[in-house]
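If you read the sequence shown in my numbering, its first letter stands for residue 48, the second for the next number, and so on. Glycine included, each C-beta is placed from N, C-alpha and C at the ideal position. Okay, structure first, notes after.
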Amino acid sequence: MPTPAIAPEISLKFKTAIEKRLRDGYSPMGVAGGKGSAVQIAAKDIPVNQRRLTSWVYRQRKNEAEGKESFSPDWSLWNRAAVTKGKPVVAAARRWLLTASQNDTPVHAGFWRNLTAYAEHIGAEILVGPFTYQLGTFTDHTTRNNVFAEQVRPFLRFDRQECGSVLFCAEMNTLPTANRPLSGLQTYTRGQWGVFPHAKVALETVPAMPGKDPPIIMTTGCCTVENYIPKKAGLKAAFHHVIGATLVEIDRQGRHFCRQINAVEDGSFQDLDSVVKSGSVTSGHRIAAINWGDIHRAILDPAVALGAWGVDADTLAPSSEESMLDALRPFDQFFHDLFHGEAINHWQADKPHERYVLHVKNRLDVDREVKACAAFLRATKRDWCRSDVVESNHDYWIARWLQNTDIRKDLTNATAFHRWNLAVHQAIEQGAENFSIFRHVLHEADPSGMEGVNFIPIGSSFEICKDRGGIECGLHGHVGTNGSIGSTQNLTRVAIKINKGHDHQATVHDGVYSAGVCATDPNLQKGPSSHSKSHIVTYLNSKRSIITMQGDRWRA
């Protein structure tokens, strides 16, 4: 009597268990060394009889040799470094490309070709998380009972996968029509970074205790084409359906970096300076723009200054290390909340102890703080990149200070107060439209009068990628619709794509991308915080990704 065939979902389970142990340092079958046999330990994990699992391995090898469908484990995943006792030492950067697949739906052929080409180019492992959507009346959403495109089957994972310190929650079968695919999942990864399979791109930053970097959770995008019921929920899902993936990188020090990749109609995409098109990878491509996290020059994080612009935060001396700006060469870079305003902070006006701390540190001179902002703009300027200052709520503090302050109580700044108030009154007398005192003081502080720097006043519009539908970059985010207080969610009601700042936490919510912050302010982080060192990268094809820094590093 012939041995009954093993169901594909069981074979995938066996394959996944063995490959997990290979990454942990357990050796392939028939290979000496390592921490032990990957097959033996996987049999205990499943659990299944070891002889049955060994027999299954031989059968997959035979199928592979005969050109039949095979689920043979990828023995090259054996991580020899993990054999070392104590903390594993990663010999080189490790990478995974994570995406999602819908049942009974074909893959996007162009994207799949490009994804596999890019995986080979960067040495990444492809993992696919399944999700189900029934086009009929039957509502069994069990992924193992559904059929997936032949191309993705060897890469399907039904259980949680550890991509270094980042979790790929492939077990999370979320309906593609979910409006908020990350809703309720903020604590699901227990404080680790997490990636969830879903066709709609979303990203949220989860609060962490002071002194710890907040984890970020995000979705993958999808490798299968749109396939929805043409009713409201299905049509909305189709509108937000993204052909894409998420790249997870783990560097030699074990630091993690995640970037969402969005493809255009033909399945081509760009990741940093690499463009993948027609199954070919080319490098050295420029990008459209970088929206930096809110600057707050007076308390700029030294690691961010070094990694983002290649300068020392205090002296602005250039570094020999290649910065994010010089590596990606954007046509525009946007600065939000350039001015911090600690010298004139109205929140501290009635807090003498906090003011005295600044007095002791000689940081109550607003003129000096403005000059530091101007010097920073000059140090980060590049001939091939336009610098755009987006006037923000902290920048507006100067106008507020000029109108509300009794200068008799702030003699340190009396000269600047009277000089700048004179400029405001003269502008009013001359009928100057759209006069901004912050723009005026920057021009005054810079010897070259801010030559080559574009200023975007509050309430103005500034679009990039106009030939691809446009992305609004003129909004800081503190002013919402109809005069309300601004937020990422509030601005999703505006029917345009937006890159913004203000929240200090990386977020992707429908068509609105929100950057993080470049500074660390203990006064704003007395409790758990979701402030992240994150920046928005926009490619020339109008697709976007959020890059979160780890120290002074922004990629593996």
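Could you say which of Y586, I583, N440 lies nearest to I532 if we only look at CA atoms?
Mapped onto the sequence shown, residue 532 falls at position 485. Minimum Cα distance to I532 is reached at N440.
Considering only C-alpha positions, which residue in the set F502, R447, H406 is nearest to L424?
The sequence position of residue 424 within the sequence shown is 377, counting from 1. Answer by Cα proximity: F502.
On the three-pair Cβ rule with 8 Å, is the segment 581-591 touching the segment 511-529?
yes
As a quick exercise: from G241, Q198, S230, pick the residue whose alpha carbon is nearest that of F215.
Against the sequence shown, residue 215 aligns to sequence position 168. Closest by alpha carbon: G241.
Give a yes or no on contact between the segment 62-70 and the segment 118-127, applying the rule of three or more CB pairs nearer than 8 Å.
yes
Beta-carbon spacing of R600, R302 below 8 Å
Here residue 600 is taken as the residue at index 553 of the sequence shown, counted from 1. Here residue 302 is taken as the residue at index 255 of the sequence shown, counted from 1. Result yes, Cβ atoms of R600 and R302 sit closer than 8 Å.
According to the Cβ coordinates, are V559 and T585 closer than 8 Å?
In the sequence shown, residue 559 corresponds to position 512, counting from 1. In the sequence shown, residue 585 corresponds to position 538, counting from 1. Not a contact, by the Cβ cut-off of 8 Å.
According to the neighbour-count rule (16 or more other Cβ atoms, all chains shown, within 10 Å of its Cβ), is W159 buried or exposed?
Within the sequence shown, the letter at position 112 stands for residue 159. Answer is buried; the Cβ neighbour count reaches 16.
Grouping DSSP H, G and I as helix and E and B as strand, with all else coil, what is R376?
Here residue 376 is taken as the residue at index 329 of the sequence shown, counted from 1. Here R376 sits in coil by DSSP.
Along the chain, where does the alpha helix (DSSP H) containing R70 start, and where does it finish?
Counting from one through the sequence shown, the residue named residue 70 turns up at place 23. Looking at the DSSP string, the run of the alpha helix (DSSP H) that includes R70 is 55-70.
Complete runs of the beta strand (DSSP E) confined to the segment 293-349 [at least 3 residues]:
303-309, 316-318, 321-324, 327-329, 334-338
With a threshold of 7 Å on Cβ separation, who are the neighbours of A603 within its own chain once the five nearest residues in sequence on each side are excluded?
The sequence position of residue 603 within the sequence shown is 556, counting from 1. So the qualifying residues of the chain are A140, E296, I297, D298, F304.
Going by beta carbon distance, what residues of the same chain come within less than 6 Å of M256, once the five residues before and after it are set aside?
Indexing the sequence shown from 1 puts residue 256 at position 209. For M256, where only same-chain residues beyond five positions count, the Cβ hits under 6 Å are P575.
Stretch-stretch touch, CB-based, cutoff 8 Å, three pairs: the segment 274-292 with the segment 205-225
yes
Where are the beta strand (DSSP E) runs, 3 residues long or more, that stay fully inside the segment 407-438, in chain order?
433-437
Element boundaries [alpha helix (DSSP H), containing Q107]
Here residue 107 corresponds to residue number 60 of the sequence shown, with the count starting at 1. Element bounds for Q107: 97-112.
Among residues of its own chain, excluding the 5 on either side of H332, which ones have a beta-carbon nearer than 6 Å to its beta-carbon?
Counted from its first residue, the sequence shown places residue 332 at position 285. Cβ within range, chain order: D320, V322.
If you compare alpha carbons, which of Q300, L522, V413, L250 is closest to S505?
Residue mapping note: residue 505 aligns to position 458 of the sequence shown, counting from 1. A quick correction: the sequence has Ile, not Ser, at residue 505. Ranking the options by Cα distance to I505, first place goes to L522.
Buried or exposed (CB count within 10 angstroms, at least 16 for buried), D92:
Here the question's residue 92 lines up with position 45 in the sequence shown. The residue in question, D92, is exposed, as its Cβ has fewer than 16 Cβ neighbours within 10 Å.
Is it buried or exposed for D397, if we count other Cβ within 10 angstroms and need 16 for buried?
Indexing the sequence shown from 1 puts residue 397 at position 350. Exposed, since its Cβ has fewer than 16 Cβ neighbours within 10 Å.
In chain order, which beta strand (DSSP E) runs of at least 3 residues are fully inside the segment 209-279?
213-215, 240-243, 250-252, 263-266
Could you tell me if L100 is buried or exposed, where buried requires 16 or more neighbouring beta carbons within 10 angstroms of its beta carbon?
Looking up residue 100 in the sequence shown gives position 53. Buried, by the Cβ-count rule.
Given R147 as reference, the closest of A166, H168, N161, I173 once Cα atoms are compared
On the sequence shown, residue 147 is found 100 positions in, with the first residue counted as 1. Looking at the sequence provided, one finds Ala at residue 147 rather than Arg. For the residues A166, H168, N161, I173, the minimum Cα distance to A147 belongs to I173.
Would I583 be called buried (16 or more neighbouring beta carbons within 10 Å of its own) or exposed?
Walking along the sequence shown from the start, residue 583 turns up at place 536. Burial call: buried.
Endpoints, the beta strand (DSSP E) within which I173 is located:
Numbered from 1 along the sequence shown, position 126 holds the residue referred to as residue 173. It spans 171-178 - the beta strand (DSSP E) in which I173 sits, taken as one unbroken run.
Do you know how far the Cα of A426 is from the Cα of W339?
Here residue 339 refers to the residue found at position 292 of the sequence shown. Here residue 426 refers to the residue found at position 379 of the sequence shown. Between W339 and A426, the C-alpha separation is close to 15 Å.
Return helix, strand or coil for A562, following the three-state DSSP convention.
Taking the sequence shown and counting its residues from 1, one reaches residue 562 at position 515. Here A562 sits in coil by DSSP.
From what residue to what residue does the alpha helix (DSSP H) around Q149 run?
Here residue 149 refers to the residue found at position 102 of the sequence shown. Per DSSP, Q149 belongs to no alpha helix (DSSP H); it is in the beta strand (DSSP E), 141-149.
Going by C-alpha to C-alpha distance, which of H400, G291, A492, S507 sits closest to T271?
What you label residue 271 is simply residue 224 of the sequence shown in a count that begins at 1. For T271, the nearest C-alpha among the options comes from G291.
Please classify K513: does DSSP put it in a helix, a strand, or coil?
On the sequence shown, residue 513 is found 466 positions in, with the first residue counted as 1. If DSSP states are grouped into helix, strand and coil, K513 belongs with the helices.
Inspect the beta-carbon positions of S434 and V500 and report whether they are closer than 8 Å.
Counting from one through the sequence shown, the residue named residue 434 turns up at place 387. Counting from one through the sequence shown, the residue named residue 500 turns up at place 453. A contact, by the Cβ cut-off of 8 Å.
Among the candidates Q380, G388, I391, whose CA atom is the shortest distance from the CA of E510?
Taking the first residue of the sequence shown as position 1, residue 510 is located at position 463. Closest by alpha carbon: Q380.
Am I right that V564 and H343 are in contact with their C-beta atoms under 8 Å? What's the rounded C-beta distance?
Taking the first residue of the sequence shown as 1, we reach residue 564 at position 517. Taking the first residue of the sequence shown as 1, we reach residue 343 at position 296. That belief holds up - the Cβ atoms of V564 and H343 are roughly 7 Å apart, short of 8 Å.
Pick out the complete alpha helix (DSSP H) segments inside the segment 483-548, 4 residues or longer, and give them in chain order.
484-492, 535-538
Closest to F382 by C-alpha separation, out of N110, A336, E251, would be which residue?
Position 335 of the sequence shown, counting from 1, holds the residue named residue 382. Minimum Cα distance to F382 is reached at A336.
Go ahead and label Y275 buried or exposed: buried means 16 or more other beta carbons lie within 10 angstroms of its beta carbon, across all protein chains shown.
As a working note, residue 275 is residue 228 in the sequence shown. Classification of Y275: buried, given that the 10 Å Cβ count is 16 or more.
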